[in-house]
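Chemist: Questions regarding the structure given below will be posed in turn.
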Amino acid sequence: MAPAQPPASQAELVALTRDLQRHARLYYDEAAPELPDAEYDRRLQALAAAEAAHPDWALPDSPTRWVGQRATARPGRPEVRHEPRLYSLANAYSDEELGDFTRRVAEALAERVPVTAPALPDLFAPPAPSTEPVWSCELKLDGASVSLIYEHGELVLAATRGDGESGEEITAQARQVSNLPTRLALEPPPARLVVRGEVVLEHADFQALNARRAEAGERLFANPRNAAAGSLKLLDAAELRARGLKVFLYDLAVLEGTAAPATQSAQLDWLRRAGLPVFPHAARCAGLADVLAYCARWENDRAGLPLDTDGVVVKLDEIAPRAGLGWTAKAPRWAVARKFPAQAVQTVLRAVTWQVGRTGVVTPVAELEPVAVAGSVISRATLHNEDEIQRRGIRPGMRVWVEKGGDVIPKVTGPAEDPADFPEVQSPAECPECGHGLRREEGESALRCLNPGCPAVRQAALEHFVSRPALDLEGLGDRLVAELIRLGHLRDVSDVFHLRPDQLQECERMGEKSVANVMQSIEMGRTRPPSRLLFALGIRGVGARAARTLLRHAGSLQALAGLPADELQNLDGVGPVLAASVTRWFATPDNQELLKRLELGDLDLAREEPDRGPVAANGPFWGRTVVLTGTLASLERRAAQTLLEARGAKVSSSVSARTHFVVAGAEAGSKLEKARTLGVPVLDEAQFLALLQEGEADSAADADPERLNPAPSSQFEQETP
Ligand code: AMP
Ligand code: ZN
Numbered sequence: 072m073a074p075a076q077p078p079a080s081q082a083e084l085v086a087l088t089r090d091l092q093r094h095a096r097l098y099y100d101e102a103a104p105e106l107p108d109a110e111y112d113r114r115l116q117a118l119a120a121a122e123a124a125h126p127d128w129a130l131p132d133s134p135t136r137w138v139g140q141r142a143t144a145r146p147g148r149p150e151v152r153h154e155p156r157l158y159s160l161a162n163a164y165s166d167e168e169l170g171d172f173t174r175r176v177a178e179a180l181a182e183r184v185p186v187t188a189p190a191l192p193d194l195f196a197p198p199a200p201s202t203e204p205v206w207s208c209e210l211k212l213d214g215a216s217v218s219l220i221y222e223h224g225e226l227v228l229a230a231t232r233g234d235g236e237s238g239e240e241i242t243a244q245a246r247q248v249s250n251l252p253t254r255l256a257l258e259p260p261p262a263r264l265v266v267r268g269e270v271v272l273e274h275a276d277f278q279a280l281n282a283r284r285a286e287a288g289e290r291l292f293a294n295p296r297n298a299a300a301g302s303l304k305l306l307d308a309a310e311l312r313a314r315g316l317k318v319f320l321y322d323l324a325v326l327e328g329t330a331a332p333a334t335q336s337a338q339l340d341w342l343r344r345a346g347l348p349v350f351p352h353a354a355r356c357a358g359l360a361d362v363l364a365y366c367a368r369w370e371n372d373r374a375g376l377p378l379d380t381d382g383v384v385v386k387l388d389e390i391a392p393r394a395g396l397g398w399t400a401k402a403p404r405w406a407v408a409r410k411f412p413a414q415a416v417q418t419v420l421r422a423v424t425w426q427v428g429r430t431g432v433v434t435p436v437a438e439l440e441p442v443a444v445a446g447s448v449i450s451r452a453t454l455h456n457e458d459e460i461q462r463r464g465i466r467p468g469m470r471v472w473v474e475k476g477g478d479v480i481p482k483v484t485g486p487a488e489d490p491a492d493f494p495e496v497q498s499p500a501e502c503p504e505c506g507h508g509l510r511r512e513e514g515e516s517a518l519r520c521l522n523p524g525c526p527a528v529r530q531a532a533l534e535h536f537v538s539r540p541a542l543d544l545e546g547l548g549d550r551l552v553a554e555l556i557r558l559g560h561l562r563d564v565s566d567v568f569h570l571r572p573d574q575l576q577e578c579e580r581m582g583e584k585s586v587a588n589v590m591q592s593i594e595m596g597r598t599r600p601p602s603r604l605l606f607a608l609g610i611r612g613v614g615a616r617a618a619r620t621l622l623r624h625a626g627s628l629q630a631l632a633g634l635p636a637d638e639l640q641n642l643d644g645v646g647p648v649l650a651a652s653v654t655r656w657f658a659t660p661d662n663q664e665l666l667k668r669l670e671l672g673d674l675d676l677a678r679e680e681p682d683r684g685p686v687a688a689n690g691p692f693w694g695r696t697v698v699l700t701g702t703l704a705s706l707e708r709r710a711a712q713t714l715l716e717a718r719g720a721k722v723s724s725s726v727s728a729r730t731h732f733v734v735a736g737a738e739a740g741s742k743l744e745k746a747r748t749l750g751v752p753v754l755d756e757a758q759f760l761a762l763l764q765e766g767e768a769d770s771a772a773d774a775d776p777e778r779l780n781p782a783p784s785s786q787f788e789q790e791t792p
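Here the sequence shown stands for residues 72 to 792, numbered as in the working numbering.
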């Protein structure tokens, strides 16, 4: 079925939300649905897509949170009135908004403190105590909120949040939540305790649940939050138990019979002592700067958590002044949720285009309906290769999932609707740039343009040659390179070292000063380490790191040209494929010609590699302890270890509190679990590859998502044949 058009404005979104709420009521409460299920789902998906793209438009009572209840909802479930009522939270979508919030609270608190001004300034008095309040920061768990009542230590009642005033009674369900004690661990127990928290499903349990449902031909849950909320309606205790729900408590609403803790942090400690589950990582922050640091840290590290968090909840730590600050109709004035930017969103894949890279590889690029994700708007993303597209069922015209982490090139991860409704991607028969035939080599997934004079290949090769990680010829930008190619001054990379000032002057906007600057950076290019020149040549498989390894061994480019493949293949991280590629390159007459022309351009091929010591101390893995687990699709365990060690990491075989990262491939087992229980950050394969690229001492220019040059992503693959 064709996708429903997602709402394009907040007004449309609100209208659609209300429309769906009406239909849900007809379905649940009146058992008189007007819409077929499929149409309801179609509209619900459109709403979910718009909410994902504009999290700030989403209404708190959106029916997207009800998915999963439809099949199991039971009319007439008893209602429970909440005392005190439950509130939602106000949101802050930026550090500025968060700062506004903390300032507002600080000012309101300052007004309430009676200040008696001294008649004369007392110059010797100690400075007034800082009025910056202390904040309690907690991760905002993305699940279903619940309220629990314990009387004399026994769990007697559980309820969903509902509309905050009253919710549905779910005591039997709460008893099946795996980590919730039905009796408090306090002796004597308090007479009465009302606590609030979040019922969640961890990623592993969510995936297992969906796998079981897929096998049984049942509808899949869209995300762990929906699955958790839906599960709370289940009547089948065994099934509920099997799902592995957990709860984490964060609010002590009523405590009778004992003195109540005076701060949020003390509340959390109290809850822990009572034997109730409290999510780890909460922190007391003395002022806004600390709060911002906490938020920044968890925006980064949340990928390593075993469950979904969608932000940080910042609460005034002290309980007593909260009442004075009060509540809006919806939320407390003394707390706010700093929402993380969306990391995965849906958008429409308008088309698949093909881009020719410097080695002639023709890569598919996703042309997307522009969408905001992880703080930036993207309209293009890499699709890797043809096989990947087929395997994932990605087809033009459909809604797709797009993901972007802080440092990762955006990628299309998969379809958001049924591929059967859309035409397959047509791969090109000829080069989109020069019309020359394309070839797909045996055992390779990449298509290649075989025309050595392909303008796209020439342009891409030259862009790479002058780029920052290569020879770093400042001033020779892509536009200038294109123009020089057009004027016939650059036919291959060696021509760079034969450029004359008068040729540069022919180009647009090239005054005397600019020409002199370019000539000077070309001069600088002659002095770069030979490994940079080797990398710049764009030999298949030779990335920046391999180039350094080769030249640290050979000494000079000239010496390298004379080394046999079986000597090179034993070098750390080189291997037979790369070694063969290098020797083949030096044995090719055209390339020997190229080297001669470079020499004529005043490049000294006998120059020694200056830094033949160990790798520089930098990059994300430097000095870190890393554990590898599971199978990585793109490289062998041994290769991953070599790459990590080359970046200054220690690769260990067991996870402990001292482990900095766990890299988890497919079918990761107990090590992954251990990492999760210890809170050690976990990297999936994509994140790992991205960080490895970052670890290349000087490959910062690679990760330019705007340009989306296919070279960077393929560079890594080439390095580890
Ligand atoms: P929302 O309704 O999504 O706007 O945000 C409010 C909800 O966040 C609450 O009702 C809770 O269910 C949930 N939440 C998750 N973690 C926390 C936390 N640590 N403190 C307060 N609320 C939380
Ligand atoms: Zn071509």
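Ideal Cβ positions, reconstructed from N, Cα and C, are used throughout, including at glycine.
For clarity, every value in this text was computed on a predicted model and none was experimentally measured.
1) Taking the alpha-carbon positions, what's the residue 435 to residue 360 distance?
2) Would you be able to state if there are at least three C-beta pairs under 8 angstroms between the segment 635 to 650 and the segment 550 to 566?
3) Is it buried or exposed for residue 647, if we count other Cβ within 10 angstroms and need 16 for buried?
4) Could you round the C-beta distance between residue 520 and residue 427 to whole angstroms and report it? I think they count as a contact, below 8 angstroms.
5) Rounded C-beta distance between residue 303 and residue 241? I'm assuming under 8 angstroms.
6) Could you round the C-beta distance between residue 272 and residue 314 to whole angstroms and report it? I think they count as a contact, below 8 angstroms.
7) Starting from the C-beta of residue 135, find all residues in its chain whose C-beta is less than 7 angstroms away, skip the five residues before and the five after it, and write them out in chain order.
8) With a CB to CB cut of under 8 angstroms and the five nearest residues on each side skipped, what residues in its chain are close to residue 325?
9) Where does residue 699 land, buried or exposed, given buried means 16+ other C-beta within 10 angstroms?
10) Check whether the segment 669 to 680 and the segment 617 to 636 are in contact - that is, three or more C-beta pairs closer than 8 angstroms.
11) So what's residue 503 in DSSP terms, helix, strand or just coil?
12) Can you tell me which of 694, 734, 547 and 696 puts its alpha carbon nearest to the alpha carbon of residue 708?
13) Between which two residues does the alpha helix (DSSP H) holding residue 587 run?
14) If you draw a straight line from the C-alpha of residue 372 to the C-alpha of residue 502, how long is it?
15) Using only CA atoms, which one of 702, 531 and 693 lies nearest to residue 67?
16) What is the DSSP secondary structure of residue 381, reduced to helix, strand or coil?
17) Below 7 angstroms CB to CB, which residues in the same chain sit around residue 285 once its five sequence neighbours on both sides are set aside?
18) Among the candidates 490, 369, 125 and 597, whose CA atom is the shortest distance from the CA of residue 567?
19) With 16 as the cutoff for other CB atoms within 10 Å, does residue 491 come out buried or exposed?
20) Just checking, does the segment 386 to 399 make contact with the segment 201 to 217 on the three C-beta pairs under 8 angstroms criterion?
21) I think residue 341 touches residue 332, with their Cβ atoms under 8 angstroms apart; what is that distance to the nearest whole Å?
22) Do residue 205 and residue 367 have their C-beta atoms closer together than 8 angstroms?
23) On a Cα-Cα basis, can you pick out the residue from 717, 713, 749 and 718 that is closest to residue 725?
24) Would you say the beta carbon of residue 504 is closer than 7 angstroms to some non-hydrogen atom of the ligand ZN?
25) Would you report the Cα separation of residue 532 and residue 551, rounded to the nearest angstrom?
26) Secondary structure at residue 309, three-state DSSP: helix, strand or coil?
27) Which value, in whole angstroms, describes the spacing of the CA atoms of residue 780 and residue 549?
28) If I'm right that residue 346 touches residue 252 with Cβ under 8 angstroms, what's the distance once you round it to whole angstroms?
29) Alpha carbon to alpha carbon, how far is residue 710 from residue 220? Give it in angstroms, no decimals.
30) Find out if the Cβ-Cβ distance for the pair residue 542, residue 607 is shorter than 8 angstroms.
31) Using alpha carbons as the reference points, say which of 515, 158 and 498 lies closest to residue 508.
32) Let's see if you can read the secondary structure: which residues bound the beta strand (DSSP E) around residue 472?
33) So is residue 775 buried or exposed if we call it buried at 16+ other beta carbons inside 10 Å?
34) Measuring straight from C-alpha to C-alpha, what distance separates residue 755 and residue 730?
35) Residue range of the beta strand (DSSP E) that residue 208 falls in?
36) Beta carbon of residue 336, beta carbon of residue 312: below 8 angstroms?
Modeler: Concretely, from the data shown:
1) Taking the straight line joining both Cα atoms gives about 43 angstroms.
2) no
3) Residue burial annotation: residue 647 is exposed, with fewer than 16 other C-beta atoms found within 10 angstroms of its C-beta.
4) Confirmed, about 6 angstroms.
5) Separation of the CB atoms of residue 303 and residue 241 is rounded to 5 angstroms, and the pair is thereby assigned contact status at 8 angstroms.
6) 7 angstroms
7) 115, 118, 119 and 122
8) 154, 155, 263, 264 and 265
9) buried
10) yes
11) coil
12) 734
13) It spans 583 to 596 - the alpha helix (DSSP H) in which residue 587 sits, taken as one unbroken run.
14) 42 angstroms
15) The requested residue 67 is not part of the displayed model; the chain covers only 72 to 792.
16) strand
17) Cβ neighbours of residue 285 beyond the five flanking positions: 291.
18) 597
19) exposed
20) yes
21) 5 angstroms
22) no
23) 749
24) yes
25) 14 angstroms
26) If DSSP states are grouped into helix, strand and coil, residue 309 belongs with the helices.
27) With a pLDDT of only 30 at residue 780, under the threshold of 50, the placement of this residue in the model should not be trusted, and no figure is reported.
28) Rounded to whole angstroms, the Cβ separation of residue 346 and residue 252 is 5 angstroms, and the two are in contact under 8 angstroms.
29) Approximately 54 angstroms between the Cα atoms of the pair.
30) yes
31) 498
32) 470 to 474
33) Note on residue 775: pLDDT 29, under 50, position unreliable in the model; the coordinate value appears next. Under this definition residue 775 is an exposed residue.
34) 16 angstroms
35) DSSP places residue 208 inside the beta strand (DSSP E), whose first and last residues are 205 to 212.
36) Taking 8 angstroms as the cut-off, the beta carbon of residue 336 is found no closer than this to the beta carbon of residue 312.
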